[in-house]
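Structure first, commentary second.
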Amino acid sequence: MIVSEKPTNFIRTKIADQIKQGQIQEIVTRFPPEPNGYLHVGHAKSICLNFGLAEEFGGRCNLRFDDTNPEKESQEYIDAIEADVRWLGFEWAELCHTADYFDQLFEWALHLIRNGDAYVDEQSAEEMRANRGTLTEPGIDSPYRDRSPEENEALFLKMRDGELPEGAAILRAKISMSAPNVNLRDPALYRIRHISHPRAGDRWCIYPTYDYAHGQSDAIEGITHSLCTLEFEDHRPLYEWLLKKLPVPSRPKQTEFSRLELEGTVTSKRKLNALVQDGHVSGWDDPRMPTIAGMRRRGYSPEGIRLFCERIGVTRKPNTIELQILEGSIRDDLEGRAHKAMAVLDPLKVVVTNWDQAPLELDVPWHPKRPELGSRTMVFGRELYIDRSDFELEPPEGFFRLVPGGSVRLKYGFIVDFEDVILDVDGRVSEVHVRYDPETRSGQDQSGRKVKGTIHWVHAESANEVDVRMYDRLFTVPDPGNYDDPASVINPESLIDGKAMVEPALSNLMPDAYFQFERVGFFKQDPESQDGQMIYNRSVTLKDAWAKKK
Ligand code: ATP
Ligand code: MG
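If you're matching positions, the sequence shown starts at 18 in our numbering and goes up one per residue.
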């Protein structure tokens, strides 16, 4: 576990300043996901920012479902989002739904209409698009733009009462068709959708747009700092225009920051959804997915993800974060958190020829620096497995593991001295014979002997075989988000199924524990594990000292 490194950022600095100057008493933020998919690592950044600021400054943060798009939203997503926010370690002040504000939003739409600030447009979608203008050319006023407030109100009520078909009319703000910012060219406020809403049921057949609903929802909840990603910067003038025109109870301020783009991953719910629907991954919680559910199942800790969010900081500069930063944060957190255990992925039999007594039980703590994790029993005996890569017939220079004529320490056990090697018909090593030195038992060693290498091992008879799933990047390119169809660049080797021989304790279900298989990597039990049929997901590799040296 790493103590908070808390680099500061421009939003934090500004809030500290506002509080110091007495401009605000209490900060109120919100995290406003649309429940149309599972949360991903980009959302984690936003969650840590919004909830983190509220926590730090003694304020409040709401979880708000921005549920204005009934066709794509579902209860499954709502439940998953709540679970993921809690798992990350945050609790909301209030659980809100934009849908609960539909009545108020409707009233305010009437307010705009009556003041001549909104009108019902009956142009077709194509006409509206054609008349919108471009970045360099102004748009063209709708022929319906100058209707009287009375006529607009009557038409808007007809829209609400289901008397018009979808696409027949929309409600638009009356701002300016020649505004340089296209978001101000009479933006849509309400659309007709004859579709029932997961929360509001069949009460409505008109639904507010994001731009109309968002700022007003912020105002209703008394949000002081409405933090969003940079693509909404050009919407800010509209956000402010609406707040100014309406009798809202508070005046939130929108501040933008750059979205998290992570090398080698996609952070678009639509594209992630396609991977799930088309069966390229096993589900939203596939451990290769950059979703919070996927990262949880893979064995990332919430603390590790929060550490990552601290390390990447918050700026207004768009950039892509290297995957190493995420993996490094997870590793740094797990290093102090994980139960350390022995597992051998590529077993090579070692016979301790001078071991004639019964197997020896060793009481070994789960973590050398965390006695509160307790201990487990390991077994040492005559036949062991070590990893094949820890023995070399013809060792390269600097190879400090087991070699002909050499000695090595078996961690928590004894120093063993090479005796003999048995080759199979193909000349491959099938067995190594060693002698153990009884004077060198770990923790009781008075021999004064020093060896250069310490390796891991398991006792052959008491070890069990488990499944291990090794994950690699899901995509073969660093920028899969730039592909229309990321499935076309999926890494066929992103999941490799393997086996490992593990010490006895690793056959027990310990669903909450994080594990470090010593010298191998960090692992977590997959939720599909059963007694006698354990599955371990590799969360992240270790930094390999040997590979680095090469
Ligand atoms: P998607 O395009 O994947 O649907 P979204 O931005 O529409 O993503 P929302 O559910 O609307 O997803 O997002 C909720 C909040 O999370 C918003 O405030 C949004 O700005 C923020 N957010 C989403 N993606 C990222 C990201 N990659 N980095 C930082 N914040 C993000
Ligand atoms: Mg969105």
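We put the beta carbon where it would ideally sit given N, CA and C, even for glycine.
Test item: CB-CB of Lys89 and Arg276 under 9 Å: No, the pair does not count as a contact, with Cβ atoms beyond the cut-off.
Note down, in chain order, each residue of its chain lying with its Cβ closer than 6 Å to the Cβ of Gly398, except the 5 sequence neighbours on either side. Excluding positions up to five away in sequence, the list reads Pro376, His476.
For Pro364, name the three-state secondary structure that DSSP assigns. Looking at Pro364 - three-state DSSP - the assignment turns out to be strand.
Quick one: using the 10 Å Cβ neighbour count with 16 as the cut-off for buried, is Lys8 buried or exposed? No information on residue 8 is available, as it lies outside the stretch 18 to 567 that the chain covers here.
Following a CB-centred definition, is His252 positioned closer than 8 Å to any heavy atom of the ligand ATP? Remark: the shortest separation between the CB of His252 and any heavy atom of the ligand ATP does not fall under 8 Å.
Considering only heavy atoms of the ligand ATP, does any lie closer than 8 Å to the CB of Pro50? Indeed, a heavy atom of the ligand ATP lies less than 8 Å from the Cβ.
CA-CA distance, Pro455 and Val368? The alpha-carbon atoms of Pro455 and Val368 are separated by roughly 15 Å.
Identity of the residues DSSP links to Asn644 by a beta bridge: The chain is shown only over 18 to 567; residue 644 falls outside these bounds and no answer can be derived.
Val396 and Ile432: beta carbons closer than 9 Å? Between Val396 and Ile432, the C-beta spacing is not below 9 Å.
Going by DSSP in three states, Ala524 sits in which element: helix, strand or coil? Ala is not the amino acid found at residue 524; the sequence shown has Ser there. If DSSP states are grouped into helix, strand and coil, Ser524 belongs with the helices.
Local conformation of Ile222 per DSSP, three classes: For the sequence presented, residue 222 should be read as Cys rather than Ile. Here Cys222 sits in coil by DSSP.
Does the segment 107-114 come close enough to the segment 143-163 to have 3 or more Cβ pairs within less than 8 Å? Verdict: no, contact absent.
Specify, as a first and last residue, the run of the beta strand (DSSP E) that Ser447 falls within. Residues 446-453.
How many Å lie between Arg426 and Glu327 at the Cα? Take the alpha-carbon of Arg426 and the one of Glu327: they are about 40 Å apart.
Determine the DSSP secondary structure at Cys78, reduced to helix, strand or coil. Judged by DSSP in its simplified three-state form, Cys78 adopts strand.
Here's a check: name, in chain order, each residue in its chain whose Cβ is nearer than 8 Å to the Cβ of Ile32, leaving out the five neighbours to either side. Taken in chain order, the residues that qualify are Ile41, Ile44, Leu70, Phe74, His242.
Please state whether DSSP places Lys89 in a helix, a strand or coil. Correct three-state label for Lys89: helix.
Could you tell me whether any non-hydrogen atom of the ligand ATP is closer than 8 Å to the CB of Gly54? At least one heavy atom of the ligand ATP is nearer than 8 Å to the Cβ of Gly54, so yes.
Start-to-end residues for the beta strand (DSSP E) that takes in Glu436: Residues 432-440.
Expressed to the nearest angstrom, what Euclidean distance is found between the alpha-carbon atoms of Gly150 and Glu248? Gly150 and Glu248: Cα-Cα distance of roughly 20 Å.
Is Lys262 near the ligand ATP - that is, is its Cβ less than 8 Å away from at least one heavy atom of it? Not so, every heavy atom of the ligand ATP lies at least 8 Å from the Cβ.
Return yes when at least one heavy atom of the ligand ATP lies under 8 Å from the C-beta of His60, else no. Checking the Cβ of His60 against the ligand ATP gives yes.
Going by DSSP, what residue range makes up the alpha helix (DSSP H) through Gln533? Element bounds for Gln533: not the alpha helix (DSSP H) but the beta strand (DSSP E), 531-534.
Measure the Cβ-Cβ separation of Leu66 and Ile28 and say whether it is below 9 Å. The Cβ-Cβ distance between Leu66 and Ile28 falls below 9 Å.
Is there contact here, the segment 347-363 with the segment 521-539, by at least three beta-carbon pairs under 8 Å? Pairwise C-beta distances place the segment 347-363 in contact with the segment 521-539, as three or more of them are shorter than 8 Å.
Using the Cβ count rule (16 or more neighbours within 10 Å means buried), how would you classify Gly54? By the 10 Å Cβ count, Gly54 comes out buried.
How many angstroms separate the CA atom of Tyr317 from the CA atom of Leu559? Per the coordinates, the alpha-carbon of Tyr317 lies some 14 Å from the alpha-carbon of Leu559.
Use the C-beta contact count for Asn79: other C-beta atoms within 10 angstroms, 16 or more gives buried, fewer gives exposed. It counts as buried.
Based on DSSP bridge pairs, tell me the residues matched to Ile507. DSSP lists Phe492 as partners of Ile507.
Between Gly76 and chain C, is any beta-carbon pair separated by less than 9 Å? Annotation note: the requested chain C is absent from the structure, which comprises a single protein chain.
Status (buried if at least 16 other CB within 10 Å, exposed otherwise) for Ala171: A residue is called buried once 16 or more other Cβ atoms fall within 10 Å of its Cβ, and Ala171, having fewer, is exposed.
In whole angstroms, what is the alpha-carbon distance linking His252 and Asp228? So the two alpha carbons sit approximately 8 Å from each other.
Where Ser556 falls: helix, strand or coil (DSSP): Ser556: strand per DSSP, three-state reduction.
Per DSSP, Tyr136 is paired with what? Note: Tyr136 sits in a beta bridge opposite Arg189.
Does DSSP put His297 in a helix, a strand or coil? DSSP, read as helix, strand or coil, puts His297 in coil.
Quick one: what's got a C-beta closer than 6 Å to Ser447's C-beta in the same chain, skipping five residues either side? Spatial neighbours of Ser447 in its own chain (CB-CB distance under 6 Å, excluding positions within 5 residues in sequence) are listed in chain order as Ile439, Asp441.
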